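>
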Amino acid sequence: MRVGSDYQANIPEFDPGSTKYSDKDSGGMLVWSPYHTIVDPKLDEYIAIAKEKHGYNVEQALGMLFWHKHNIEKSLADLPNFTPFPDEWTVEDKVLFEQAFSFHGKSFHRIQQMLPDKSISSLVKYYYSWKKTRSRTSLMDRQARKLANRNAQDESDEEMEEANPIEANDSDYDPTKETKKESHTEPQPLSSSKIGLGRREHLTLMHRHHSQRSKCRPPKGMYLTQEDVVAVSCSSSAANTVLRQLDMELVGLKRQVQNAKQLNSGLKHRMEMGIDDFSLPECNQKVNARWTTDEQLLAVQGKPKFFGGGAICKTLHFQFTIYYSTKFHRLDNL
């Protein structure tokens, strides 16, 4: 703790008339203060007129009303005498616009329901200015990009820690200290070689450390099992055997795919040629319910030979089974 006159502040004498508080020193100006005599419907009507006819926003309209001591008639008469400032978009308005645009698209009438203070023209104007620089000025996209980068960085750090759990111990390695110790113990001609070896080891450590940053995840569907890793790491011959088996399986699967493609192409070629060769011939002869004498003789002779009406109908070619069955039933009753 510092004690003494050199470390103490000089306190001036108290003079009540020299310094007085004034509103000008604060730098702020009151633009609105509610008044109990004005009802809410009249206030809303005044704000609507100021916004629609004269282009004022809510803050500017209330400031004009406060300037005229809450006299609505004087404020309405004085509104055309001033040009309001351009409509400025706050951060909240920009975020609301982006959310409304993501929900409703280019439906500006629905967007206006979320931003009632903005007119359709101002929404369209801001949309085209926001559209050109959306990648740089979009607050929602910027926040989402930051979160994505942060998550990716956390995942990469976790992968590095899992891959090299003793990386922190390697970082304590200082090649200069090792070379200094070796230079004291070894003769002078060998110190340069030791320094060179230390630098090489340091470079390899640096390279191994930075190589973990560029490590990417394997493609989707690719994975390694512990059994395969153990089998490959046993010996070089075992690794070659495992890889050769996988290659043979892959070749066999490719052959199956090729055979299936050939079969499908052959079937498609046959379908393109048409199905007329495979269709049954159509019989254009009309069916007659009356039986001739020759047909009756054929039916009587064919009963013990064919034992049914189906085969006889195939022989006759032009009579239905139902007609034969009814007629044959009559012949049995004879």
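Take the sequence shown: its position 327, counted from the start at 1, is 327 in UniProt numbering, and no numbers get skipped.
Even glycine gets a Cβ: it sits at the ideal position worked out from N, Cα and C.
If you're wondering where the values come from, they're calculated on a predicted model, not measured in any experiment.
In chain order, which beta strand (DSSP E) runs of at least 3 residues are fully inside the segment 57–82?
Listed in chain order, nothing qualifies, since the segment 57–82 has no complete beta strand (DSSP E) run of 3 or more residues.
> Using a threshold of 9 Å, state whether the C-beta atoms of residue 335 and SER107 are closer than that.
No answer is possible for residue 335: it lies beyond the span of the chain, which begins at 1 and ends at 334.
> Can the beta-carbon of PHE97 be found closer than 9 Å to that of TYR127?
Yes.
> Are the CB atoms of VAL91 and LEU62 nearer to each other than 9 Å?
No, they are not a contact pair.
> Where THR241 and TYR223 are concerned, what is the direct C-alpha to C-alpha distance, given to the nearest angstrom?
If I take the Cα positions, the gap works out to 19 Å.
> What is the rounded straight-line gap between the Cα of ASP247 and the Cα of LYS254?
Roughly 11 Å between the two C-alpha positions.
> Determine the DSSP secondary structure at TYR7, reduced to helix, strand or coil.
Helix.
> Is the beta carbon of LEU76 closer than 9 Å to that of TYR56?
Contact flag unset, no.
> At what residues does the alpha helix (DSSP H) containing THR241 begin and finish?
236–273 is the extent of the alpha helix (DSSP H) around THR241.
> Do you know how far the Cα of SER33 is from the Cα of ILE111?
Each residue's Cα considered, the two are about 30 Å apart.
> According to the Cβ coordinates, are VAL232 and ALA238 closer than 9 Å?
Yes, Cβ-Cβ distance for VAL232 and ALA238 is below 9 Å.
> Thinking C-alpha only, which one of GLU13, HIS104, LEU123 is nearest GLU88?
Measuring from the Cα of GLU88, the nearest candidate turns out to be LEU123.
> Please report the straight-line C-alpha distance between LEU115 and THR225, rounded to a whole angstrom.
If you take the alpha carbons of LEU115 and THR225, they lie about 56 Å apart.
> So is GLY252 buried or exposed if we call it buried at 16+ other beta carbons inside 10 Å?
So GLY252 counts as exposed.
> Once the 5 residues before and after PHE278 are set aside, which same chain residues still bring their CB inside 8 Å of it?
There are no such residues.
> With burial defined as no fewer than 16 other Cβ atoms inside 10 Å of the residue's Cβ, what is the status of ASP100: buried or exposed?
Strictly speaking, residue 100 in this sequence is Ala, with Asp absent from that position. It counts as buried.
> Taking its Cβ as the centre, do 16 or more other Cβ atoms sit within 10 Å of MET271, making it buried, or is it exposed?
Flag for MET271 reads exposed.
> Return the CA-CA distance between PRO16 and GLY4, expressed in angstroms with no decimal places.
Whole-angstrom Cα-Cα distance: 29 Å.
> Could you give the uninterrupted runs of the beta strand (DSSP E) lying entirely in the segment 87–156, keeping only those of 3 residues or more?
You should have found no qualifying run.
> How should GLN153 be labelled, buried or exposed, when 16 other C-beta atoms within 10 angstroms of its C-beta is the threshold for buried?
Label assigned to GLN153: exposed.
> Would you say ASP117 and VAL58 are within 9 Å of each other, going by their C-beta atoms?
Closer than 9 Å, so yes.
> What would DSSP say about HIS54, mapped onto helix, strand or coil?
Three-state DSSP puts HIS54 in a helix.
> Could you check whether ILE72 and residue 335 sit closer than 9 Å to each other, using their CB atoms as the reference points?
The requested residue 335 is not part of the displayed model; the chain covers only 1 to 334.
> What whole-angstrom Cβ distance do HIS70 and TYR35 have, given they're in contact under 8 Å?
Right, their Cβ atoms sit about 4 Å apart.
> Between PRO302 and SER265, what straight-line distance do the alpha-carbon atoms span, to the nearest angstrom?
Before going further, note that residue 302 is Gly rather than Pro in the sequence given. Distance between the alpha carbons of GLY302 and SER265 is about 48 Å.
> Would you mind sorting LEU297 into buried or exposed? The rule is 16 or more other CB atoms within 10 Å of its CB.
Label assigned to LEU297: exposed.
> Measure the alpha-carbon distance for HIS104 versus LYS220 and round it to whole angstroms.
Computed Cα separation, rounded: 35 Å.
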